[in-house]
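A quick write-up on the structure given underneath.
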């Protein structure tokens with residue numbers, strides 16, 4: 002801003018000639034010119050070419066209230082604003098040197114002490130040949146215009162600032178972000194140290210500050226503060242909704258108390274501008290501006306702070322409302338998406354579908370169709386049970402929009418891929434607080450599995466009825482009764498067949514006391530039955546018991562009883578259900594079979610005993626014959642025949658002694674046979690038996706006899722021919738192998754003659770060995786050995802061996 006006074010004098014000083022005061026005699030201006038200039042409201046002056054003041058009009062005296070003498074010399078400095086003098090000095094000098102006209106705005110102090118703006122115009126005064134002779138100037142009061150311009154500029158600046166604040170708040174969603182943006186913008190605009198926003202609650206009131214803006218000159222005031230500590234009168238003002246502007250807290254009556262000044266000193270504050278926010282008669286928030294030095298607050302500053310506070314509160318409330326709405330919508334969306342049923346919402350009255358949850362897409366098999374009204378419902382492939390398409394007006398959504406309260410519809414829906422599924426839809430209206438219909442909601446449930454399960458259940462019930470009929474026929478034909486026993490009630494429910502098993506007349510309700518049944522149980526079977534029932538009840542299991550019962554005609558019948566315990570949901574016994582089968586005929590047949598088996602066992606014992614005796618007689622005869630024969634070959638043949646007969650005799654003796662007349666414990670028998678062979682044929686020799694046997698093997702007689710003779714021949718050959726020195730070891734190993742039996746007969750003797758082929762041997766022993774192997778389907782293998790002889794026998798076994 003500019004003022005006229007510096008141009009009047011700057012850098013004017015009285016020259017050596019002693020320039021006169023305004024209106025003085027030294028002025029070269031004619032009296033006529035002076036009179037005109039003095040009469041004008043405009044302040045005029047004249048200077049020489051160097052800018053030294055020559056004279057000034059009388060208007061200066063009237064305007065400033067100073068006399069010509071007071072304005073003379075450097076007295077004029079008092080009426081020119083110092084800032085304008087300093088600001089305009091450089092421009093004044095440049096224009097003087099250039100000799101050009103110029104204008105500026107300067108503040109001049111009026112007689113009442115008010116500084117007012119003036120427009121100062123200066124033009125050069127030239128002589129006839131164009132030489133610069135001096136300067137003529139005027140100063141016009143333009144204070145109202147300048148201040149109007151300043152107010153307009155301030156208003157535009159404030160409007161621009163508020164627009165920027167509003168724009169920044171509009172893009173923010175979080176209330177705290179809004180507060181931070183607004184306080185930072187306001188602080189920078191006002192060039193203050195701190196701006197913050199706090200919420201107020203309690204009595205006495207407390208302010209809670211979550212965040213504030215600082216330029217670094219004073220510390221943050223984030224926290225919770227007791228407002229009366231900063232002046233009770235100050236609190237009264239903000240409670241009343243009045244903005245508090247204090248230029249210096251140490252000087253203001255509301256805050257000058259020592260304790261209050263100390264409180265402000267604690268937050269490094271000397272000047273405050275606090276704007277309260279009162280809503281519905283309650284103080285809810287405070288916009289505070291703090292500065293570390295005393296500072297005056299203009300009306301523009303106060304209006305701007307109040308406007309920012311109101312705008313910020315609106316933005317914060319709007320943000321909170323939007324967040325609450327978003328949270329509500331998110332909550333609603335989460336609830337809808339969590340529902341196991343489909344939900345569709347349509348607006349009223351158009352019927353346009355506006356929302357659906359995730360489950361509806363799963364139920365329909367496709368996303369919601371974008372339909373704009375009820376007519377578009379035809380795009381959904383819904384059908385009645387009889388195959389007719391569901392018309393749009395028949396849909397529950399359309400029926401709600403038409404005025405129905407809770408319409409329902411079960412329909413078949415055609416899903417992508419051609420599958421037709423059963424759905425159930427239930428509609429309901431959506432109304433506002435006034436009861437006006439604003440929309441319609443439909444809940445869709447996938448009942449396809451339920452409907453198909455019901456259809457399946459009905460089919461099973463039909464099948465069950467047929468099966469029950471067949472069961473009744475079967476029970477009647479099979480002499481089988483069905484019963485259900487309640488231990489707590491002490492009675493049983495029988496079907497007709499159960500009564501018939503004991504020759505009793507059925508009761509009307511089918512029930513019979515437990516005691517009546519137990520009385521018919523044979524005394525010898527009753528303890529076992531009671532024990533089996535008690536165990537089944539204790540273990541929540543079942544039982545099976547054969548027992549004798551007294552028939553109504555006096556005879557004894559055998560029943561096979563099977564039952565299972567049934568418990569409730571808590572595990573308590575409710576009842577036992579079971580069946581009873583008449584096994585009297587089976588028991589009679591079993592007794593006859595037992596008697597026949599006993600007779601067979603007796604006969605087999607007798608057969609084995611007689612065979613053993615006959616073989617011993619044959620062996621004795623061969624021994625007697627051997628005493629009379631002198632030929633060595635004959636004696637050897639008789640001895641070998643006797644040995645073979647002895648093997649069979651000892652085998653039948655083992656069968657007779659074991660009690661198992663049809664089978665033989667192979668391991669036990671073979672060890673005994675090998676030991677007997679070494680004892681009888683190895684007399685005078687030191688031959689050791691190495692016998693090994695795995696798990697127990699039982700063979701039938703038809704396999705045991707040929708195998709025993711085969712092994713006896715191999716052992717006999719080893720004892721007789723393998724050990725010329727009379728020393729050695731014979732091995733007999735028996736093991737299971739691949740579902741069969743593997744036996745090894747080996748010795749560490751001299752071995753077989755070179756080139757010997759067992760299959761081509763003409764000897765009687767080897768022919769017997771091969772014949773016996775073929776008889777039992779065994780494979781005989783001569784193993785390669787470095788010393789001695791080894792035969793392996795692989796014998797297939799029946800599955801039960």
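In this note's numbering, the protein residues as written are 2 to 802. Cβ atoms here follow ideal geometry from the backbone N, Cα and C, with glycine treated the same way. The structure displayed is predicted, hence computed values, not measured ones.
For residue i, count neighbouring Cβ atoms within 10 angstroms of its own Cβ and tell me buried if that reaches 16, exposed if not.
i	result
residue 867	For residue 867 there is no data in the structure shown, the boundaries of the chain being 2 and 802.
residue 16	For residue 16, the pLDDT reaches just 37, beneath the cut-off of 50, and the residue's location in the model is therefore unreliable, leaving the point undetermined.
residue 525	exposed
residue 674	buried
residue 296	buried
residue 568	exposed
residue 112	exposed
residue 352	buried
residue 146	exposed
residue 73	buried
residue 591	exposed
residue 108	buried
residue 363	exposed
residue 512	exposed
For the beta strand (DSSP E) that contains residue i, what are its first and last residues?
i	result
residue 279	272-280
residue 721	Per DSSP, residue 721 belongs to no beta strand (DSSP E); it is in the alpha helix (DSSP H), 702-722.
residue 734	728-738
residue 289	283-292
residue 500	Note, residue 500: premise wrong, no beta strand (DSSP E); alpha helix (DSSP H) at 497-502.
residue 414	409-415
residue 343	343-348
residue 575	574-583
Helix, strand or coil, according to DSSP, for residue i in the structure here?
i	result
residue 50	coil
residue 90	helix
residue 779	coil
residue 193	coil
residue 218	coil
residue 544	strand
residue 20	In this predicted model, residue 20 has a pLDDT of only 39, less than 50, meaning its place in the structure is not dependable; the value taken from the coordinates is given anyway. It is coil, neither helix nor strand.
residue 757	coil
residue 791	strand
residue 310	helix
residue 329	helix
residue 60	helix
residue 391	coil
residue 378	helix
residue 229	helix
residue 485	strand
residue 679	helix
residue 303	helix
In terms of residues, what are the limits of the alpha helix (DSSP H) holding residue i?
i	result
residue 540	527-540
residue 269	Element bounds for residue 269: n/a, residue is neither H nor E.
residue 119	Element bounds for residue 119: not the alpha helix (DSSP H) but the beta strand (DSSP E), 116-127.
residue 397	397-402
residue 360	359-365
residue 515	515-519
residue 560	Segment 557-568 is the beta strand (DSSP E) holding residue 560; no alpha helix (DSSP H) there.
With a cut-off of 8 Å on the beta carbons, I'd call residue i and residue j a contact; round off their distance for me.
i	j	result
residue 382	residue 369	That belief does not hold up - the Cβ atoms of residue 382 and residue 369 are roughly 14 Å apart, past 8 Å.
residue 505	residue 581	13 Å between Cβ atoms; not a contact.
residue 141	residue 43	6 Å
residue 770	residue 684	At roughly 24 Å, the Cβ-Cβ gap does not stay under 8 Å, so residue 770 and residue 684 are not in contact.
residue 394	residue 372	At roughly 14 Å, the Cβ-Cβ gap does not stay under 8 Å, so residue 394 and residue 372 are not in contact.
residue 845	residue 515	Here the chain comprises residues numbered 2 to 802, so residue 845 is not present and cannot be evaluated.
residue 727	residue 789	Contact doesn't hold; Cβ gap of about 15 Å is too wide.
residue 343	residue 445	4 Å
residue 422	residue 387	The pair is not a contact, with the Cβ atoms about 17 Å apart (cut-off 8 Å).
Checklist line | the region 273-292 touching the region 186-193, judged by at least three CB pairs closer than 8 Å | finding: yes
Margin query: Under 8 Å: do the region 151-169 and the region 252-265 share three or more Cβ pairs, one atom per stretch?
Written below: Not touching, per the Cβ criterion.
Notebook entry, point to check: Is the region 392-405 touching the region 424-431, taking contact as three or more C-beta pairs under 8 Å?
Noted result: yes
Check: Between the region 681-693 and the region 723-737, do at least 3 Cβ pairs fall closer than 8 Å?
Finding: yes
Check: Would you call the region 210-218 and the region 232-240 in contact, with 3 or more CB pairs under 8 Å?
Finding: no
Item checked: Three-pair Cβ contact test at 8 Å for the region 92-100 versus the region 61-70 -> no
Checklist line | Inter-stretch contact (C-beta, 8 Å, three-pair minimum) for the region 213-224 and the region 297-311 | finding: no
Note to self: Under 8 Å: do the region 448-464 and the region 518-534 share three or more Cβ pairs, one atom per stretch?
What the structure shows: no
Notebook entry, point to check: Are the region 758-770 and the region 704-723 touching, with three or more C-beta to C-beta distances below 8 Å?
Noted result: yes
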